[in-house]
Amino acid sequence: MSSDPGHKELQSAPPSHEAEAVVVHRARRGEKVLSHLREYRGWYIGACAFAIFLIIFLPIFFLVAIPAIIQHTIDQATLPISNGTLAPLNASAVRLGFTTELSTPSGTTVYLEPFTLDLYNPDTNGHPAFASLAVPGHRLSGRSAIEVPAQDVQVRDTAELSMFLARAFAAPEVTSVGARAEGAVARLAASRYSVRLDKQVTLAGLRGLEGVRIMETAAREDYIEEGEEEKEKADLGGSLEVPNSSPLTVRLGNVTYSVLAGGVQIGQALTRDLELQPGNQTLEFEAVTDADSVIAHLEEVLGEMEDGVIGFTVVGERATVNGEHIPYLDAVLTNVTVAGGLPFCEAMKIIPMEKLPLTAISLIDFDLLMECDI
105 MSSDPGHKEL QSAPPSHEAE AVVVHRARRG EKVLSHLREY RGWYIGACAF
155 AIFLIIFLPI FFLVAIPAII QHTIDQATLP ISNGTLAPLN ASAVRLGFTT
205 ELSTPSGTTV YLEPFTLDLY NPDTNGHPAF ASLAVPGHRL SGRSAIEVPA
255 QDVQVRDTAE LSMFLARAFA APEVTSVGAR AEGAVARLAA SRYSVRLDKQ
305 VTLAGLRGLE GVRIMETAAR EDYIEEGEEE KEKADLGGSL EVPNSSPLTV
355 RLGNVTYSVL AGGVQIGQAL TRDLELQPGN QTLEFEAVTD ADSVIAHLEE
405 VLGEMEDGVI GFTVVGERAT VNGEHIPYLD AVLTNVTVAG GLPFCEAMKI
455 IPMEKLPLTA ISLIDFDLLM ECDI
């Protein structure tokens with residue numbers, strides 16, 4: 105069997121110097137890698153553990169921790185009302201708006217997307233909303249104002265709105281209104297989170313208009329001058345000081361009052377376009393006297409006189425806007441009672457003496473009457 109000499113030479117040829125160098129280099133590099141891994145093994149294990157921790161923790165942080173922090177911030181907020189507007193438009197609509205505030209954790213900026221806010225009475229079972237307000241988006245960073253702009257809304261529950269207004273007017277200190285938002289969304293960086301808003305917003309009450317007083321009352325000169333043909337004109341006028349201890353600007357339209365003396369109604373009074381700004385204000389009023397009622401009950405009326413001044417009481421009756429009765433204000437107005445006085449001589453200017461029966465004349469103090477410039 106023959107063989108190929110060239111083939112034998114190829115098989116028996118020793119490896120070249122280049123091949124040996126490659127093998128040596130690879131061996132040394134492997135040793136260096138193994139040595140490096142042995143030297144920094146703890147660091148690499150820590151890095152791998154930290155990476156695993158981040159993989160597990162970051163989703164929990166963004167999906168659980170941040171929403172919990174945002175929700176906790178909302179839950180702990182008191183949301184006091186610093187100013188606002190309340191104005192009836194008609195029997196089924198009202199203008200509402202207010203400003204409150206919310207504080208976020210230091211260094212945290214949250215964007216609150218627009219949402220709808222339902223207002224309700226906290227004491228009513230089921231918490232039916234009496235109005236819903238559109239709240240625009242807000243950027244919250246630290247202590248931030250939340251503006252709910254004044255807007256015309258439909259009254260969803262007249263009885264509940266009336267209850268809230270009665271409580272707000274009567275509250276001696278602070279009252280509250282429930283505020284609820286379904287599906288509110290807060291954004292932190294590029295992430296969006298659903299938040300639950302169901303809070304009691306606080307505001308100072310009107311204290312039953314405590315301190316309201318009639319400053320002066322007198323016969324109107326225009327009525328006196330124009331005489332009998334102006335019977336339907338207001339024959340009395342005056343001013344009253346009204347305090348508003350709440351932060352709300354309250355507009356009530358034209359408000360009508362019953363005027364009583366000695367327990368008998370003797371006329372009606374009216375304040376036109378009544379608006380109560382926060383603080384004290386002076387309002388003008390006018391009144392129409394029911395002369396027939398005064399004459400028929402002269403003894404009771406004069407029985408309220410002291411030091412030449414006839415005492416009377418004004419009781420809220422109803423409010424109208426553009427001639428329409430606003431029923432949800434009735435519970436408020438009927439609890440407004442103001443005491444006043446009309447000087448005897450002013451009363452005599454509007455009472456037709458010729459209509460007095462002889463039995464009534466004896467009730468009049470003629471010495472006091474002689475002092476009157478009638």
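If you're matching positions, the sequence shown starts at 105 in this note's numbering and goes up one per residue. Virtual Cβ for every residue (Gly too), placed ideally from N, Cα, C. Just so we're clear, the structure is a prediction, and the values are computed from it rather than from any experiment.
Alpha carbon to alpha carbon, how far is residue i from residue j?
i, j, result
"L162", "P209", "Low confidence applies here, because L162 scores a pLDDT of 49, under 50, leaving its location unreliable and the question unanswered by this model."
"A254", "V346", "24 Å"
"L352", "R296", "34 Å"
"L433", "L310", "14 Å"
"T279", "S466", "53 Å"
"P431", "I455", "34 Å"
"S207", "V198", "30 Å"
"G412", "A235", "50 Å"
"G366", "E403", "9 Å"
"G513", "Q258", "The chain is shown from 105 up to 478; residue 513 falls before or after that span and cannot be answered."
"G201", "T463", "58 Å"
"T393", "C476", "19 Å"
"E205", "Q369", "47 Å"
"G282", "V419", "30 Å"
"T203", "V239", "11 Å"
"A397", "A288", "The question names Ala, but residue 397 is Ser in the sequence shown. Spanning the two alpha carbons is a distance of roughly 60 Å."
"P218", "E388", "42 Å"
"E325", "T262", "42 Å"
"G357", "A293", "47 Å"
"N426", "M474", "45 Å"
"Y224", "Y361", "29 Å"
"E232", "L437", "Residue 232 is actually Pro in this sequence, not Glu. Taking the straight line joining both Cα atoms gives about 24 Å."
"D471", "A373", "30 Å"
"E264", "G230", "12 Å"
Which same chain residues end up closer than 6 Å to residue i when comparing Cβ atoms and leaving out the 5 residues on each side of it in sequence?
i, result
"R355", "A191, E379"
"V359", "T375, L378, A423"
"A290", "I174, V214, L216, Y297, V299"
"A322", "E450"
"G445", "V413, G415"
"A435", "S266, A270"
"F165", "Because F165 sits at a pLDDT of 48, beneath the cut-off of 50, its placement in the model cannot be relied upon, and the following sentence gives the value as read from the coordinates. Contacts found: none."
"A285", "F219, L221, L301"
Report the option in the options whose CA atom is closest to the CA atom of residue i.
i, options, result
"R260", "L237, R311, R243, S295", "L237"
"E390", "S397, E205, D339, F470", "D339"
"K337", "P232, G371, G357", "G371"
"F416", "V368, L364, F448", "L364"
"V252", "T220, A400, M457, E428", "T220"
"L301", "A443, Y224, R324, I178", "I178"
"E314", "N229, A443, M267", "A443"
"T189", "A373, G445, E410, L269", "L269"
"E410", "T262, P218, D469, N229", "D469"
"P461", "A395, S362, P232, M267", "A395"
"A181", "E286, S362, I250, N426", "I250"
"F448", "V405, G427, K459, V425", "V405"
"K459", "D222, L437, A285, I399", "I399"
Keeping to the same chain, check which residues put their C-beta closer than 8 Å to that of residue i; ignore five residues upstream and five downstream.
i, result
"G312", "F273, A274, P276, N439, V440"
"G383", "P347, N348"
"D256", "L193, A197, V198, R199"
"M319", "G342, S343, L344, E345, T386"
"H429", "A195, R422, A423"
"Q381", "N348, T353"
"P226", "S280, V281, G282, Q304"
"H176", "none"
"V316", "L344, E345, V346, P347, V440, V442"
"G407", "G366"
"S350", "A272, L307, A308, G309, L310, P382"
"T228", "E264, M267"
Quick one: residues in its chain with C-beta nearer than 7 Å to the C-beta of residue i, no 5 flanking neighbours on either side, listed in chain order?
i, result
"L114", "Residue confidence for L114 is low, a pLDDT of 45 falling below 50, so the modelled location carries little weight; the figure read from the coordinates is stated next. Cβ within range, chain order: n/a, list empty."
"H401", "G366, V368"
Margin query: Whether or not the stretch 297 to 315 and the stretch 175 to 191 are in contact is what I'm after, with contact meaning three or more pairs of Cβ atoms, one per stretch, closer than 8 Å; do they touch?
Written below: yes
Next item on the list: Would you list, in sequence order, the uninterrupted beta strand (DSSP E) runs of no fewer than 3 residues that lie entirely inside the stretch 282 to 347?
Entry: As for any beta strand (DSSP E) of minimum length 3 sitting wholly inside the stretch 282 to 347, the runs are 295 to 308, 317 to 323, ordered along the chain.
Notebook entry, point to check: Can we say the stretch 242 to 249 touches the stretch 212 to 222, given the rule of at least three CB pairs closer than 8 Å?
Noted result: yes
Checklist line | beta strand (DSSP E) segments (min. 3 residues) lying fully within the stretch 364 to 412 | finding: 368 to 380, 383 to 393
Check: Along the chain, which unbroken stretches of the beta strand (DSSP E) at least 3 residues long are found entirely within the stretch 204 to 272?
Finding: 213 to 216, 219 to 224, 233 to 239, 242 to 245, 247 to 258
Check: Which ranges would you report for the beta strand (DSSP E) in the stretch 433 to 467 if only whole runs of at least 3 residues count?
Finding: 441 to 447
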